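Structure, as structure tokens:
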């Protein structure tokens, strides 16, 4: 978790237009000191936001989205016929991650 103060400190490293947008979002979205933010937010300045770190975060989220329900429900991974994944990241190579899913759960 990142407190509001920490988040404001982080966004102060953005250019003025981006920082203003983030502040508006922060004020209007119901963000609290107990709101979860991705680990990568703490890795600012941007020089620490590498493709490799982004990939690790995506895999943690995506594999966790399947691993957690599987462990709770005790469903065997082979019983799953289809997984639907959506992502709005422009650089995101969906085919690569679908392949990663398939190989991870083989």
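In this note's numbering, the protein residues as written are 789 to 894.
Beta carbons: idealized from backbone N, C-alpha and C, even for Gly.
Since the structure is predicted, the reported quantities are computational estimates derived from the model, not experimental observations.
Take residue 858 and list the residues in its own chain whose beta-carbon comes closer than 7 angstroms to its own, dropping the five residues that flank it on each side. The residue labelled residue 858 in the question sits at position 70 within the chain shown. Once the five neighbours on either side are set aside, the close Cβ partners of residue 858 are 865.
With a cut-off of 8 angstroms, do at least 3 Cβ pairs link the region 804-813 to the region 846-862? They do not touch, by the three-pair rule.
Tell me whether the beta-carbon of residue 814 lies closer than 8 angstroms to the beta-carbon of residue 795. Locating residue 814 in the chain shown gives position 26, where the first residue counts as 1. Locating residue 795 in the chain shown gives position 7, where the first residue counts as 1. Between residue 814 and residue 795, the C-beta spacing is below 8 angstroms.
Anyone know if the C-beta pair for residue 800 and residue 821 falls short of 8 angstroms? Numbered from its first residue, the chain shown carries residue 800 at position 12. Numbered from its first residue, the chain shown carries residue 821 at position 33. Cβ atoms of residue 800 and residue 821: not closer than 8 angstroms.
Would residue 871 pass as a contact of residue 889 if the rule is Cβ separation under 8 angstroms? Indexing the chain shown from 1 puts residue 871 at position 83. Indexing the chain shown from 1 puts residue 889 at position 101. Closer than 8 angstroms, so yes.
Go through the region 790-866 residue by residue and report every complete run of the beta strand (DSSP E) that reaches 3 residues or more, in order. None, since the region 790-866 contains no complete beta strand (DSSP E) of that length.
Nonlocal neighbours in the same chain, by C-beta distance under 7 angstroms from residue 892, ignoring five residues either side: Along the chain shown, read from residue 1 onward, the residue named residue 892 stands at position 104. Result list for residue 892: 851, in chain order.
Under the three-state DSSP convention, the category residue 889 falls into: Within the chain shown, residue 889 is the residue found at index 101, counting from 1. In the three-state DSSP reduction, residue 889 falls in the helix class (H, G or I).
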